[in-house]
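Enquirer: Below you will find the structure I want to go over with you.
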Amino acid sequence: MTVHGGTPAPREDATLAAFRREGVETSQELRDEQITAKNALLDYLKETVNPFPKLPKTEKSLDAQRARIQKMMKGEKGTGSSEQVKDQASRFQQRNPELRSSVLILLRERLKKDDSKEDILSKLAEFYPDVSLADEALEFLLATTDGELAKSVQEAKDEFTQLNGREIAAGRNIGTQAREAANKGLGTATSLRDMYRDITGNPRDSSALFQELSQRYAFKELKQVVDFMLHSLGADMKSKGPSIAPGQLHRLFTETRSLQAILGVYRFFRTRMGLMDRLFQKEGLQLPSQLNFETMAKQFMALASDRYPSSDKALQTAVKLGIEKWIMAKIIALSQFRDAIREVAVNQIYRSLQHRDDLYLAILEALEELEDELEELMEREEREREDQEEEEEEPEEEEEEEEE
Numbered sequence: 102m103t104v105h106g107g108t109p110a111p112r113e114d115a116t117l118a119a120f121r122r123e124g125v126e127t128s129q130e131l132r133d134e135q136i137t138a139k140n141a142l143l144d145y146l147k148e149t150v151n152p153f154p155k156l157p158k159t160e161k162s163l164d165a166q167r168a169r170i171q172k173m174m175k176g177e178k179g180t181g182s183s184e185q186v187k188d189q190a191s192r193f194q195q196r197n198p199e200l201r202s203s204v205l206i207l208l209r210e211r212l213k214k215d216d217s218k219e220d221i222l223s224k225l226a227e228f229y230p231d232v233s234l235a236d237e238a239l240e241f242l243l244a245t246t247d248g249e250l251a252k253s254v255q256e257a258k259d260e261f262t263q264l265n266g267r268e269i270a271a272g273r274n275i276g277t278q279a280r281e282a283a284n285k286g287l288g289t290a291t292s293l294r295d296m297y298r299d300i301t302g303n304p305r306d307s308s309a310l311f312q313e314l315s316q317r318y319a320f321k322e323l324k325q326v327v328d329f330m331l332h333s334l335g336a337d338m339k340s341k342g343p344s345i346a347p348g349q350l351h352r353l354f355t356e357t358r359s360l361q362a363i364l365g366v367y368r369f370f371r372t373r374m375g376l377m378d379r380l381f382q383k384e385g386l387q388l389p390s391q392l393n394f395e396t397m398a399k400q401f402m403a404l405a406s407d408r409y410p411s412s413d414k415a416l417q418t419a420v421k422l423g424i425e426k427w428i429m430a431k432i433i434a435l436s437q438f439r440d441a442i443r444e445v446a447v448n449q450i451y452r453s454l455q456h457r458d459d460l461y462l463a464i465l466e467a468l469e470e471l472e473d474e475l476e477e478l479m480e481r482e483e484r485e486r487e488d489q490e491e492e493e494e495e496p497e498e499e500e501e502e503e504e505e
């Protein structure tokens with residue numbers, strides 16, 4: 102409708118302006134959505150970096166991943182996502198908070214209709230280095246694709262499961278436990294799942310396992326780590342599809358229970374540090390800074406885990422404790438080792454009663470050697486004092502003779 106001279110009516114002007122505003126707002130919403138997805142993905146990549154360098158690393162460096170994502174985002178067109186994809190992404194995030202809906206949507210948008218299973222797995226690895234999360238992301242892709250692309254996604258999932266079946270099951274069975282432990286500050290959920298996969302995939306005895314864990318965690322965190330492992334093993338055993346055979350899980354559960362006994366070793370030495378400090382002061386020695394209850398416990402456990410303990414091996418612990426120069430310091434430290442043998446759980450620390458007795462005898466022999474060495478040192482010092490006194494007396498006698 103026009104007025105005189107063909108000038109648009111004010112109502113029509115308002116309508117066109119409204120359409121323009123709506124178009125601008127829609128474009129802005131799409132740009133905001135892209136930015137949100139980008140930031141969410143970069144945040145996720147930060148969280149999935151494994152803080153434990155001793156575990157095998159399967160993901161690429163964080164910087165490399167960031168560079169790839171930045172490059173992808175530059176070429177991303179603001180096409181938006183269908184409501185069905187958004188709904189599925191929200192549903193998967195509700196099921197697992199680690200699967201952020203914005204990241205899932207971005208992953209879905211990266212797929213092309215003619216992508217092969219190799220293409221899909223390559224793109225998936227850039228978004229989800231954690232195989233358990235990647236497996237769930239594949240389920241999301243299956244729920245949001247159709248036709249030939251859905252067929253390729255299914256092929257990718259089948260191959261992915263075949264290659265990573267145990268690792269996927271282990272991570273998914275303990276998802277709740279990993280997230281709870283992550284909230285306590287023990288690491289990211291992904292790094293905790295990696296640790297669990299490593300322990301269940303490469304079983305070792307409790308002493309070896311504790312040695313590894315004590316290098317990664319401070320004593321105050323070790324109890325929480327042991328609790329995480331026990332709860333995770335329990336969840337894995339109760340699941341419909343455990344990651345390894347139930348018998349193996351039960352043996353690992355028993356070994357992990359032994360870690361609680363090893364924690365008792367730490368508590369024992371923590372109670373002894375006051376006594377050791379007083380004994381050092383009495384002998385005129387200063388307690389070295391590196392000699393604390395944690396180093397004492399670690400060296401005791403290293404000695405206790407040796408299949409064939411000996412007095413020589415017991416004496417070598419002094420070097421690692423930083424007290425190899427002082428005989429009395431070594432006697433004080435090994436005396437605490439001797440007392441610890443009587444205090445800690447027999448069945449969960451030693452291989453057998455015979456092994457415990459062998460360790461006890463090895464420490465006693467080491468103490469006897471040190472006492473003999475101390476006695477010889479004291480006798481030598483006594484002779485040196487006597488010789489010095491005699492040397493001082495001789496000039497005095499000569500002076501007296503001259504005066505006479």
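Mapping to the working numbering: the sequence shown position 144 is 245, numbers consecutive.
Ideal placement from N, C-alpha and C gives every residue a C-beta, glycine not left out.
Can you find the residues in the same chain that come closer than 8 Å, C-beta to C-beta, to Gln-194, ignoring five residues on each side of it along the sequence?
Expert: Setting aside the 5 residues that flank it on each side, Gln-194 is surrounded in the same chain by Leu-200, Arg-201, Ser-202 and Leu-205, each with a C-beta closer than 8 Å to its C-beta; the list follows chain order.
Enquirer: For Arg-373, count neighbouring C-beta atoms within 10 Å of its own C-beta (all shown protein chains included) and say buried if the count is 16 or more, exposed if not.
Expert: buried
Enquirer: Determine the direct distance from the alpha carbon of Lys-431 to that of Ser-223, and round the result to whole angstroms.
Expert: The C-alpha of Lys-431 is placed about 58 Å away from the C-alpha of Ser-223.
Enquirer: Going by alpha carbons, who is nearest to Gln-387 out of Gly-375, Glu-395 and Ala-319?
Expert: The candidate whose alpha carbon is nearest that of Gln-387 is Gly-375.
Enquirer: CB-CB under 6 Å to Ala-467, same chain, minus the five flanking residues each way: which ones, in chain order?
Expert: Around Ala-467: Ser-412, Ala-415, Leu-416 and Leu-435.
Enquirer: Flag this pair as yes or no: are the beta carbons of Ile-275 and Asp-337 separated by less than 8 Å?
Expert: yes
Enquirer: Starting from Ile-517, follow the alpha helix (DSSP H) in both directions and report where the run begins and ends.
Expert: In the structure displayed, the chain extends from 102 to 505; residue 517 sits before or after that span and is not available.
Enquirer: Rounded to whole angstroms, what's the CA-CA distance from Glu-237 to Ser-344? Just pull it up for me.
Expert: 16 Å
Enquirer: Taking the alpha-carbon of Leu-208 as reference, which of Arg-196, Thr-246 and Pro-198 has the nearest alpha-carbon?
Expert: Thr-246
Enquirer: Which full runs of the alpha helix (DSSP H) of 4+ residues lie inside the segment 430-487, going along the chain?
Expert: Runs found: 447-450.
Enquirer: Considering only C-alpha positions, which residue in the set Arg-457, Gln-489 and Ile-450 is nearest to Asp-306?
Expert: Answer by Cα proximity: Ile-450.
Enquirer: Rounded to the nearest angstrom, what separates Arg-196 and Leu-242 at their Cα positions?
Expert: If you draw a straight line from the Cα of Arg-196 to the Cα of Leu-242, it is about 15 Å long.
Enquirer: Does Ala-319 come out as helix, strand or coil in the three-state DSSP assignment?
Expert: coil
Enquirer: Any chance the segment 391-400 sits against the segment 359-371, with 3 or more Cβ pairs inside 8 Å?
Expert: Yes, the segment 391-400 touches the segment 359-371.
Enquirer: Count the other C-beta atoms from every protein chain shown that fall within 10 angstroms of the C-beta of Arg-443, then say buried if there are 16 or more, exposed otherwise.
Expert: Classification of Arg-443: exposed, given that the 10 Å Cβ count is below 16.
Enquirer: Find out if the Cβ-Cβ distance for the pair Leu-331, Leu-323 is shorter than 8 Å.
Expert: Result no, Cβ atoms of Leu-331 and Leu-323 do not sit closer than 8 Å.
Enquirer: Which of the three DSSP states, helix, strand or coil, is assigned to Asn-303?
Expert: coil
Enquirer: Which residues in the same chain as Ala-403 place their Cβ atom closer than 6 Å to its Cβ, once the five residues preceding and following it in sequence are excluded?
Expert: none
Enquirer: Taking all protein chains shown into account, decide if Glu-491 is buried (16 or more other Cβ within 10 angstroms of its Cβ) or exposed.
Expert: Glu-491 is exposed by the Cβ-count criterion.
Enquirer: In three-state terms, what does DSSP make of Asn-265?
Expert: helix
Enquirer: Here's the rule I'm using: 16 or more other beta-carbon atoms within 10 Å means buried, otherwise exposed. How should Ala-279 be labelled?
Expert: buried
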